[in-house]
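Following my numbering, the numbering of the sequence shown begins with 23 at its first residue and continues without gaps. A virtual CB, placed ideally from N, CA and C, is assigned to each residue, including glycine. Owing to the predicted nature of the structure, the values given are computational and were not obtained by experimental measurement. To start, the structure itself, in structure tokens.
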Amino acid sequence: MNIKTKEEIAIMKEGGSRLASILQELLDLSQPGVTLLSIDTRADELIAAAGGFPSFKTVKGYSHATCLCLNDEVVHGVPNERVLKEGDLLTIDIGLVYQGLHTDTAWTKIMQSAENKEQSEVQKDKEQFLKIGEEALWKGIREARVGNRIGNISKVIQETIEGAGYSIVKTLVGHGVGRELHEAPQVPNFLKGDIGSTSELEEGMTIAIEPIYAVGGGDIVYSNTDGWTLATKDRSLSAECEHTIAITAGEPLVLTGGAT
């Protein structure tokens, strides 16, 4: 396991706080009529101003600060000139390298203009869909404590998502994060086997917990020819919410808290 020192966790907490502020500004910027590329450009500017570097640009072949996914797109959406429309679901996934250490966060938002606050049944369904993911995330975070195992996190996320009638995207998982963007251990959003067979949580571990789920089935396919963007096979809506957290001797420490 990649155990971090208290000094490293303090750096990640500072970097994560800066990343949370960046994500919040990007969510506020994201409105109908805005292009995905303009959101990514702003992310680059904000990361530079925060004294960091885009984590995703450390991934071989990827040249953007964010992954931006619309509607049925699940992960790794490449920013482009598409324009956000009323009712779109937008997921912003973003990482920051700060003083050599990574933090990773994501959030999904419904596009709704200020003059269109009337809630349709479709809008209410989308809001409920996102609410369940956020609930699963926080339940998972509460299980991230010394003495528990990865499976405790996986189990409560799966029960929350599937209990609401949605599907886990099982081929995509949370992960350790810190010295690298992706480290051991994997943090699945479902329990395979028994909890006792999964990795034990230890003080000093830093992990990204990220429920990734869909309204319909959980199977995914490449959605286009960019070689990155993955979407639900049945084209049903998808969402993701993610925080980087640290395992401490007491309560879990959310390193990227702040985004809504």
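Candidates the options: which alpha carbon is nearest residue i's?
| i | options | result |
| --- | --- | --- |
| residue 182 | 206, 192, 211 and 167 | 211 |
| residue 158 | 31, 234, 125 and 58 | 234 |
| residue 238 | 201, 95, 30 and 85 | 95 |
| residue 202 | 46, 76, 69 and 29 | 76 |
| residue 273 | 65, 226 and 34 | 226 |
| residue 103 | 83, 56, 257 and 44 | 56 |
| residue 180 | 195, 97 and 46 | 195 |
| residue 168 | 271, 130 and 83 | 271 |
| residue 97 | 130, 83 and 82 | 130 |
If the criterion is Cβ atoms closer than 8 Å, does the pair residue i and residue j meet it?
| i | j | result |
| --- | --- | --- |
| residue 262 | residue 110 | no |
| residue 264 | residue 128 | yes |
| residue 207 | residue 221 | yes |
| residue 53 | residue 106 | yes |
| residue 231 | residue 267 | yes |
| residue 229 | residue 173 | no |
| residue 35 | residue 277 | yes |
| residue 152 | residue 176 | no |
| residue 191 | residue 236 | yes |
| residue 123 | residue 33 | yes |
| residue 37 | residue 125 | yes |
If you drop the 5 nearest sequence neighbours on each side, which residues of the same chain put their C-beta closer than 7 Å to that of residue i?
| i | result |
| --- | --- |
| residue 205 | 24, 197, 198 and 199 |
| residue 178 | 161, 162 and 165 |
| residue 170 | 223 |
| residue 248 | 100 |
| residue 40 | 72, 74, 118 and 120 |
| residue 156 | 263 |
| residue 184 | 190 |
Going by other Cβ atoms of all chains shown within 10 Å of its Cβ, with 16 needed for buried, is residue i buried or exposed?
| i | result |
| --- | --- |
| residue 219 | exposed |
| residue 120 | buried |
| residue 246 | exposed |
| residue 243 | exposed |
| residue 260 | buried |
| residue 327 | The structure shown does not extend to residue 327, since the chain is modelled only from 23 to 282, so the question has no answer here. |
| residue 85 | exposed |
| residue 30 | buried |
| residue 50 | exposed |
| residue 251 | buried |
| residue 150 | exposed |
| residue 193 | exposed |
| residue 148 | buried |
| residue 82 | exposed |
| residue 26 | buried |
Ordered along the chain, which non-local residues of its own chain (more than five positions away) have a Cβ less than 8 Å from that of residue i?
| i | result |
| --- | --- |
| residue 145 | 109, 132 and 134 |
| residue 90 | 58, 61, 62, 99, 100, 101, 112, 113, 114 and 115 |
| residue 255 | 239, 241, 242 and 243 |
| residue 48 | 61, 64, 65, 68, 88, 114 and 116 |
| residue 79 | 85, 86 and 87 |
Answer yes or no: does any C-beta atom of chain B fall closer than 8 Å to that of residue i?
| i | result |
| --- | --- |
| residue 119 | Chain labels in this structure do not include chain B; a single protein chain is all it has. |
Leaving out five residues before and five after residue i in sequence, what residues of the same chain have Cβ atoms less than 6 Å from its Cβ?
| i | result |
| --- | --- |
| residue 257 | 94 |
| residue 154 | 186 |
Residue ranges of each alpha helix (DSSP H) within the stretch 129 to 161, 4 or longer: The stretch 129 to 161 contains no whole alpha helix (DSSP H) run of 4 or more residues.
Minimum length 3: unbroken beta strand (DSSP E) runs contained in the stretch 32 to 107: The stretch 32 to 107 contains these whole beta strand (DSSP E) runs: 88 to 92 and 95 to 97.
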